[in-house]
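The structure appears right after this line, and notes come after that.
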Amino acid sequence: MTQAATPHSSADGRWLDLRLAPELFAADVPVAEGQPACIVVQQGRIVWVGPQDQVPAVYAGLPAHEGGARLATPGLVDCHTHLVYGGERANEFAMRLAGASYEEVARAGGGIVSSVKATREASEEELIAQALPRLDQLLAEGVTAIEIKSGYGLSLEHERKQLRVARRLAELRGVTVRTTFLGAHALPPEYAGRSQDYIDLVCREIMPALAAEGLIDAVDVFCERIAFSLAETEQVFQAAQALGLPVKLHAEQLSNMEGAALAARYGALSCDHIEHLSENGIAAMRDAGTVAVLLPGAFYTLRDTKVPPIDGLRAAKVPMAVSTDHNPGTSPALSLLLMANMACTLFRLTVPEALAGITRHAARALGLQHEQGLIAAGRPANFVLWPVRHAAELAYWFGNKPDCTVVRQGRITRA
Numbered sequence: 004m005t006q007a008a009t010p011h012s013s014a015d016g017r018w019l020d021l022r023l024a025p026e027l028f029a030a031d032v033p034v035a036e037g038q039p040a041c042i043v044v045q046q047g048r049i050v051w052v053g054p055q056d057q058v059p060a061v062y063a064g065l066p067a068h069e070g071g072a073r074l075a076t077p078g079l080v081d082c083h084t085h086l087v088y089g090g091e092r093a094n095e096f097a098m099r100l101a102g103a104s105y106e107e108v109a110r111a112g113g114g115i116v117s118s119v120k121a122t123r124e125a126s127e128e129e130l131i132a133q134a135l136p137r138l139d140q141l142l143a144e145g146v147t148a149i150e151i152k153s154g155y156g157l158s159l160e161h162e163r164k165q166l167r168v169a170r171r172l173a174e175l176r177g178v179t180v181r182t183t184f185l186g187a188h189a190l191p192p193e194y195a196g197r198s199q200d201y202i203d204l205v206c207r208e209i210m211p212a213l214a215a216e217g218l219i220d221a222v223d224v225f226c227e228r229i230a231f232s233l234a235e236t237e238q239v240f241q242a243a244q245a246l247g248l249p250v251k252l253h254a255e256q257l258s259n260m261e262g263a264a265l266a267a268r269y270g271a272l273s274c275d276h277i278e279h280l281s282e283n284g285i286a287a288m289r290d291a292g293t294v295a296v297l298l299p300g301a302f303y304t305l306r307d308t309k310v311p312p313i314d315g316l317r318a319a320k321v322p323m324a325v326s327t328d329h330n331p332g333t334s335p336a337l338s339l340l341l342m343a344n345m346a347c348t349l350f351r352l353t354v355p356e357a358l359a360g361i362t363r364h365a366a367r368a369l370g371l372q373h374e375q376g377l378i379a380a381g382r383p384a385n386f387v388l389w390p391v392r393h394a395a396e397l398a399y400w401f402g403n404k405p406d407c408t409v410v411r412q413g414r415i416t417r418a
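In my numbering, the protein residues as written are 4 to 418.
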């Protein structure tokens, strides 16, 4: 006898009458496309997945959940976001429509620094209240893990506040959140003209203090001519390495700084944006196993014309992830499926590449490749059931919110 999926209930049992997208499952799952499949969950973990007519007898007594011939995929992973911030920057949208560039907006007092002011002025509770609706939109679309960066505080007090809010969001919604310290995001106003002094503060005081409090999972830098130099970036990486923290990089978004090659030397989890990535950077990322994170939302908002070197990344077999880059200025996006569509239409990813980009490759970009992004026995139960006939529909439709069932960390969180 089957039972209806109920929000906030345990996902333990046999999930029957599912369809699988072969490219999103472990290679050893012997299910042909269109063949009814079953996922068995016990104590919040997947213990078996395969053809429905081959479910081991030992699981026959478990509760049955009716899948309704829906498509099962891994939970989605949003691997690059700036979700916690105060205020919004809708005025910059008008500036860009009038022709202002990214650099011109920043130099006019907009951009990151305007979000720093609003974030510093907001209390922890106010930041939670603002961030929760954004997070909920992503979760409703099947996200089961998300990265949240700091970088709008730019002081010990306010970077701590952002990271504490990110941890609170994880607790409030029961979602996997990886926190990334982005203290080297921009130069705070009080350090105008003193870039080296600020980087020294980040490396000697802010990062060690926040790491000691357990608030940092990874460290990121914005390496760009309007942000921080290659030498300053390396100083931050060295400090992170000394603390045992993995690194990531906002790399080659506006120009080729050869930041990706530097990040690869430090074994970076990912290099993100990478519109101006060089052949040298591609080779370095390939050799280091660094993930290329594509951010089509920012590309779209900035009306950029320089497309990331997809053919080069593909030829080098560099894993490509896709993310929202949710932030108040250059990518106020709250749909990872829309980003998959944009990655296909703007960057010419194939549908399988885009779907891998919002699942297993995105998980790898966060160091979560053994917990998220793939449906396989032994992993936590993080999967989504979609009312679509083909996996390609997930990247095909846009502007709608699919009526999906979400299993996150072994619990039915949306039915």
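Just so you know, even glycine gets a beta-carbon here, dropped at the ideal spot from N, CA and C.
Are the beta-carbon atoms of residue i and residue j separated by less than 9 Å?
i	j	result
P331	G177	no
L272	T293	yes
D314	L298	no
Y269	V296	no
L27	A359	yes
L379	V34	Rather than Leu, the amino acid found at residue 379 in this sequence is Ala. No.
I285	D81	no
Q412	A384	yes
G114	A195	no
R123	I151	no
A187	E235	yes
L19	Q46	no
L21	R73	yes
P192	V108	no
L204	F240	no
R2	G156	No statement about residue 2 is possible, as the shown extent of the chain runs from 4 to 418 and does not include it.
I202	Q238	yes
L371	T76	no
A366	L377	yes
S158	S198	no
T183	V222	yes
L316	M288	yes
R414	S12	yes
R167	L218	yes
Got a sec? Which residues, its chain only, sit under 8 Å from residue i by beta carbon, not counting five neighbours each side?
i	result
L138	L86, I149, L172, R176, V178
E129	G89
E374	A148, T179, A366, R382, P383, N385
L419	With the chain covering only 4 through 418, there is no way to say anything about residue 419.
Does residue i pass the burial test, meaning 16 or more other C-beta atoms within 10 Å, or should it be called exposed?
i	result
K320	exposed
S126	exposed
D15	buried
L369	buried
A215	exposed
E1	Any answer about residue 1 is impossible in this case: the structure gives the chain only from 4 up to 418.
P322	buried
E282	exposed
Q133	buried
Can you find the residues in the same chain that come closer than 6 Å, C-beta to C-beta, to residue i, ignoring five residues on each side of it along the sequence?
i	result
A291	A267, G270
H329	T84, L86, A336
A301	D328, T333, S334
M4	A caution first: M4 carries a pLDDT of 45, below 50, which makes its placement in the model too unreliable to give a value.
V43	R17, V50, W51, Y62
T304	T333, S334
V354	A395, A398
E95	V108, G113, G332
Any idea which residues DSSP pairs residue i with across the strands?
i	result
A295	C274, M323
K251	S273
G53	C41
D81	I149
P383	R48
T76	V387
E69	L19
N403	Paired residues: none, contrary to the question.
S12	I415
C226	F231
A187	V224
T408	L388
T179	A148
S334	N330
Once the 5 residues before and after residue i are set aside, which same chain residues still bring their CB inside 7 Å of it?
i	result
L339	L79, D81, L141, E144, V146, T327, I361
I277	A254, E255, A263, A295, P311
E423	Since the displayed the chain opens at 4 and closes at 418, residue 423 lies outside it and no answer follows.
D220	R181, T182, T183
Could you tell me whether any non-hydrogen atom of the ligand NAP is closer than 8 Å to the CB of residue i?
i	result
E162	Ligands are entirely absent from the displayed structure, and the ligand NAP is therefore not among its contents.
I'd like to know whether the C-beta of residue i is nearer than 9 Å to at least one C-beta of chain C.
i	result
V168	Here chain C cannot be found, since the structure has a single protein chain.
- Assess, as a yes-or-no matter, whether the segment 307–314 is touched by the segment 404–417 under the definition of 3 or more beta carbon pairs within less than 8 Å. These segments do not touch.
- Task: Please determine if the segment 383–398 and the segment 94–108 are in contact, where contact requires at least 3 C-beta pairs separated by less than 8 Å.
- Result: Touching, no, given that fewer than three Cβ pairs across the two stretches are closer than 8 Å.
- Task: Taking 8 Å as the threshold, find out whether the segment 253–261 comes into contact with the segment 219–233 through three or more Cβ pairs.
- Result: In short, these stretches touch, since the Cβ pair count reaches three.
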